[in-house]
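Report on the structure given below.
The structure is reproduced here in structure tokens:
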């Protein structure tokens, strides 16, 4: 008898039993931050979060995973639903790549207390800054079916808010945003992540294909980086272990400088788990006078290279040394060309600097869905104001300007980064 295989969806689940080699074969095109290897490490380093994953199975070996975590008490600001409604934490911390916060709006949100928001179900990878489904099969109704199943199940389980902070504008993800909106959520612009397609035959061809100003900027970065006396080397896999603590330390200093909150133990724990699983992890190390003063960690998964963590001792290298670009942009792209890869994914942060050097932006959307339908109109207005402040920070005057091909830029050209 014919017909399509039946899709079975279950909510509130633990992670599927899949190792890194299984991810390479079975979740080929999914970001490493959305796979069981990364998420198992996340659950170990963040013991206060409760796994609540939504899984879809179809036929043998066909899988779709929408990660989810229940937060019962207010977490760091990037995982805090009220932040996306314009609330500012008493600590003064701001959401990654932050924008202006209106004090009156923050006070309105604060006056509601935590009751309407917690427990929160955060969809996606908390330390991967990505809300997306990892899947190896597709149907036109897959995203809608996942959301249709998880939203009522979450509310029945006592969840007060479903937060999808970082939905990238990739093929199929518009269906995820639409499904959340249909369920009653509100959505808005969050920012951009950046990537580079490797369309040239090699690094020299890549430079030659860039507009003159971008090519000159990259060459200028290289000259400035060389003048610092910092040498760059790459170590891979288990050879990274002796440097893990320093990588975590410098990364957290960089994130603190840019307003994002993360602890060295989080980075060291996930990095160690990736190495243990045999993932293709690389660390670029910048040394000066024998000391490691700059680091960048990348992960290769099949035909793509992902840059994740970068950190710098700014007292040693200076604020505008060019080391950021040499280490985070140029070295990974050079190596990716040598290996015949297709794309380097740089993530969020330092958007203007990346765009000025030839990277392509991809818009990211935030969706918020409250269990209380009476609060949804107010939350929608607050979220819209948050999105407008983000557009202003990124130079986008209206949602129409946030489309690929006409994307504005953010920030200065100094060495900086954020969530990666």
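Numbering (the working numbering), first residue to last: 943 to 1362. For every residue, glycine included, the Cβ atom is placed at its ideal position computed from N, Cα and C.
Residue 1096 and residue 1176 have their alpha carbons spaced roughly 44 Å apart. When the five nearest sequence neighbours on each side are left out, the beta carbons in the same chain lying within less than 6 Å of the beta carbon of residue 1193 are those of 1209, 1251 and 1253, in order along the chain. Rounded to the nearest whole angstrom, the CA to CA distance from residue 1329 to residue 993 is 28 Å.
Exclusion of the five residues before and after residue 958 leaves 978, 997, 1005 and 1007 as the residues of its chain whose Cβ lies within less than 8 Å of its Cβ. DSSP, read as helix, strand or coil, puts residue 1011 in strand. Taking 3 residues as the shortest admissible run, the region 956-986 contains no complete beta strand (DSSP E) segment at all.
As the crow flies, the alpha-carbon of residue 1318 is around 12 Å from that of residue 1051. Nearest to residue 1266 by alpha-carbon distance, out of 1278, 1237, 1134 and 1279, is 1237. As the crow flies, the alpha-carbon of residue 1297 is around 12 Å from that of residue 1289. If you draw a 10 Å sphere on the C-beta of residue 1099, you find fewer than 16 other C-beta atoms in it, and that means exposed.
Listed in chain order, the beta strand (DSSP E) runs fully inside the region 1152-1235 are 1173-1178 and 1222-1230, counting runs of at least 3 residues. When Cβ pairs closer than 8 Å are counted between the two stretches, the region 1120-1131 is seen not to touch the region 1261-1276, the count staying below three.
Bounds of the alpha helix (DSSP H) holding residue 1091 are 1084-1098. With at least 16 other beta carbons inside 10 angstroms of its own, residue 1138 counts as buried. About 5 Å separates the Cβ atoms of residue 995 and residue 1010, confirming a contact at the 8 Å cut-off. Measuring C-alpha to C-alpha distances from residue 1062 to each of 1219, 1102 and 1033 identifies 1102 as the nearest. Cβ contact annotation for residue 1131 (same chain, cutoff 6 Å, sequence separation greater than five): 1329, 1332, 1333 and 1344, in chain order. For residue 1124, the enclosing alpha helix (DSSP H) stretches over residues 1115-1124. Between residue 1026 and residue 1308, the gap from beta carbon to beta carbon is short of 8 Å. Residue 1104 is not a Cβ neighbour of residue 1054, given a cutoff of 8 Å.
For residue 1319, the uninterrupted alpha helix (DSSP H) segment begins and ends at 1318-1336.
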